[in-house]
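K.L.:
Numbering (my numbering), first residue to last: 336 to 683.
We put the CB at the ideal spot given by N, CA and C, even for glycine.
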Amino acid sequence: MSALSRRRILFGGAAVGAGALLTACTSNEPDNTAQVNTNTDASANPNAASGEKVVIGFSAPAADHGWLAAITNNAKAQAAAYSDVEFKAVEAGTDAAAQRAAISTLVAQKPNVIVMLPYDGKELDAAGLEAMRAGIPVINLDRAFPSQAAFRVQIKGDNYGMGLAAGHYIGEQMKAKNVANPIIGEIPGIDSLELTQERSEGFKVALAEYGFKVANRRPAEFTADSGQAAATALLQALPKMDALWNHDDDQGIGVLAAIKQTNRSEFFMVGGAGSKVAIDQIKADNSVLKATVTYSPSMASSAISLARLIGQGKGMSDLVELQVPKEITLASETITKDNADKYAKLGF
Numbered sequence: 336m337s338a339l340s341r342r343r344i345l346f347g348g349a350a351v352g353a354g355a356l357l358t359a360c361t362s363n364e365p366d367n368t369a370q371v372n373t374n375t376d377a378s379a380n381p382n383a384a385s386g387e388k389v390v391i392g393f394s395a396p397a398a399d400h401g402w403l404a405a406i407t408n409n410a411k412a413q414a415a416a417y418s419d420v421e422f423k424a425v426e427a428g429t430d431a432a433a434q435r436a437a438i439s440t441l442v443a444q445k446p447n448v449i450v451m452l453p454y455d456g457k458e459l460d461a462a463g464l465e466a467m468r469a470g471i472p473v474i475n476l477d478r479a480f481p482s483q484a485a486f487r488v489q490i491k492g493d494n495y496g497m498g499l500a501a502g503h504y505i506g507e508q509m510k511a512k513n514v515a516n517p518i519i520g521e522i523p524g525i526d527s528l529e530l531t532q533e534r535s536e537g538f539k540v541a542l543a544e545y546g547f548k549v550a551n552r553r554p555a556e557f558t559a560d561s562g563q564a565a566a567t568a569l570l571q572a573l574p575k576m577d578a579l580w581n582h583d584d585d586q587g588i589g590v591l592a593a594i595k596q597t598n599r600s601e602f603f604m605v606g607g608a609g610s611k612v613a614i615d616q617i618k619a620d621n622s623v624l625k626a627t628v629t630y631s632p633s634m635a636s637s638a639i640s641l642a643r644l645i646g647q648g649k650g651m652s653d654l655v656e657l658q659v660p661k662e663i664t665l666a667s668e669t670i671t672k673d674n675a676d677k678y679a680k681l682g683f
């Protein structure tokens, strides 16, 4: 798995309540785990009424990771919820250059709107600009384009907010247990990525509000194997620990395996992303994993909904403004045993 393809982000928040979507198009039926806005009752939601046909182009990196697979699955499923949408996905290839070529092909087909999750926002900025200059609005999904002119709407998760949510959960738990000087570990993802740095900064800031700090930090690479290796090193460095934040639930599979191998249970762990496996484990309450902070791939469903509204010249029905906002950042929410049932539908 390449570093770029691992540059996925997890984020919280359900599908944007802007109205129902379209029906789609193609042969591959999405599975029933997709996170879809099903508010298609036109009597309750004026945006749900079938309208002018909208052709939505879509491009995302290959699904070599559970979160990325959910992104594409959600987009397909949300498009399939609408009778007035045609969904055209293009193969993104294996790198940024291949995705640029795919986007150029898509632009030539002249869809009404394009939803794009780029391999890398900076490297695909020119592709967003190309589409916008051709008069095709671009929904920039998750990985941000640096140029404001490269997108009509940017929808993404809150990496800094993930760190804040994890830090506040740990801080409150330590406070409730009267632990004055807790030993706190951290297992981030790829350290060179801006998203990882934002998560760690938010975590640091939140802990500081309680007078706490990270005792040891061992980066992984968003994979189970790297999570297991990082956790093994961290557990060796910290023979006693009170709390641990692991940034990513996929790499958390390996983290939990390392914890089980060492038979450690004196601490609790917070995950990151909100995977179905993590939510199920939190609900079962049979491991050190007690919470996870969301970065949900439901953003792809919301992106399709927003694309449909833009293609039909509509705004979001609950807002006063007549147009869809330019930027949407979804909140990172904390899933615990108490609310796991509520958030189960957002697991991926």
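At the level of alpha carbons, what is the spacing between Ala353 and Arg552?
P.N.:
Only weak support exists for where Ala353 lies, its pLDDT of 33 falling under 50; the value from the coordinates is given anyway. Those two C-alpha atoms are separated by around 40 Å.
K.L.:
If we count Cβ pairs, one from each stretch, closer than 8 Å, do we get three or more for the segment 387–397 versus the segment 434–453?
P.N.:
Contact holds: three or more Cβ-Cβ distances are below 8 Å.
K.L.:
Using the three-state DSSP reduction, which class does Lys299 fall into: helix, strand or coil?
P.N.:
Residue 299 cannot be examined here, being either before or after the span of the chain that is shown, 336 to 683.
K.L.:
Please work out which residues of its chain come closer than 8 Å, Cβ to Cβ, to Pro481, disregarding the five sequence neighbours upstream and downstream, and give them in chain order.
P.N.:
Gly456, Lys457, Asp460, listed in sequence order.
K.L.:
From Leu624 to Ala592, what does the alpha carbon distance come to, in whole angstroms?
P.N.:
Cα-Cα distance, rounded: 12 Å.
K.L.:
What are the boundary residues of the beta strand (DSSP E) that includes Ser394?
P.N.:
Ser394 -> beta strand (DSSP E) spans 389–394.
K.L.:
Give the DSSP-derived three-state secondary structure of Tyr454 in the structure shown.
P.N.:
Looking at Tyr454 - three-state DSSP - the assignment turns out to be coil, as it is neither helix nor strand.
K.L.:
How is Ala515 classed by DSSP in three states: helix, strand or coil?
P.N.:
Correct three-state label for Ala515: coil.
K.L.:
Kindly provide the ranges of any alpha helix (DSSP H) runs that are 4 or more residues long and lie completely inside the segment 485–552, ordered along the chain.
P.N.:
Fully enclosed alpha helix (DSSP H) runs of 4 or longer: 494–511, 529–543.
K.L.:
Counting Cβ pairs, one atom from each stretch, are 3 or more of them under 8 Å apart for the segment 632–647 and the segment 579–596?
P.N.:
Flag = no, the segment 632–647 and the segment 579–596 do not touch.
K.L.:
Does the segment 424–435 come close enough to the segment 644–654 that 3 or more CB-CB pairs lie under 8 Å?
P.N.:
No, the segment 644–654 does not touch the segment 424–435.
K.L.:
Measure the C-alpha to C-alpha separation of Ala501 and Ala397 and round it to an integer number of angstroms.
P.N.:
Between Ala501 and Ala397, the C-alpha separation is close to 29 Å.
K.L.:
Can you tell which of Ser600, Lys672, Gly606 has its C-alpha closest to the C-alpha of Pro523?
P.N.:
Among Ser600, Lys672, Gly606, the Cα nearest to that of Pro523 belongs to Gly606.
K.L.:
Using alpha carbons as the reference points, say which of Gln370, Ala383, Leu528 lies closest to Tyr495.
P.N.:
Measuring from the Cα of Tyr495, the nearest candidate turns out to be Leu528.
K.L.:
Return helix, strand or coil for Lys625, following the three-state DSSP convention.
P.N.:
In the structure shown, Lys625 sits in a strand (DSSP, three-state: E or B).
K.L.:
Relative to the C-alpha of Val514, which residue among Glu521, Gly520, Ile505 is closest?
P.N.:
Nearest of Glu521, Gly520, Ile505 to Val514, Cα basis: Ile505.
K.L.:
Mind listing, in chain order, the continuous alpha helix (DSSP H) runs of no fewer than 4 residues lying wholly within the segment 576–631?
P.N.:
You should have 584–597, 611–619.
K.L.:
Taking the alpha-carbon of Thr597 as reference, which of Ala564, Gly609, Asp585, Ala608 has the nearest alpha-carbon?
P.N.:
For Thr597, the nearest C-alpha among the options comes from Ala564.
K.L.:
Taking DSSP's pairing of strands, which residues face Thr664 in a bridge?
P.N.:
Partner(s): Lys491.
K.L.:
Under the rule that 16 or more other beta-carbon atoms within 10 Å means buried, what is Gln483, buried or exposed?
P.N.:
The residue in question, Gln483, is exposed, as its Cβ has fewer than 16 Cβ neighbours within 10 Å.
K.L.:
Can you name the start and end residues of the alpha helix (DSSP H) that Thr567 belongs to?
P.N.:
Counting along the chain, the alpha helix (DSSP H) containing Thr567 begins and ends at 559–572.
K.L.:
Look at Phe557 and Ile588 and say whether their C-beta atoms are less than 9 Å apart.
P.N.:
Their beta carbons are not under 9 Å apart, which means Phe557 does not touch Ile588 by this criterion.
K.L.:
Within the continuous beta strand (DSSP E) that includes Thr429, where are the two ends?
P.N.:
No beta strand (DSSP E) holds Thr429; DSSP gives it neither H nor E.
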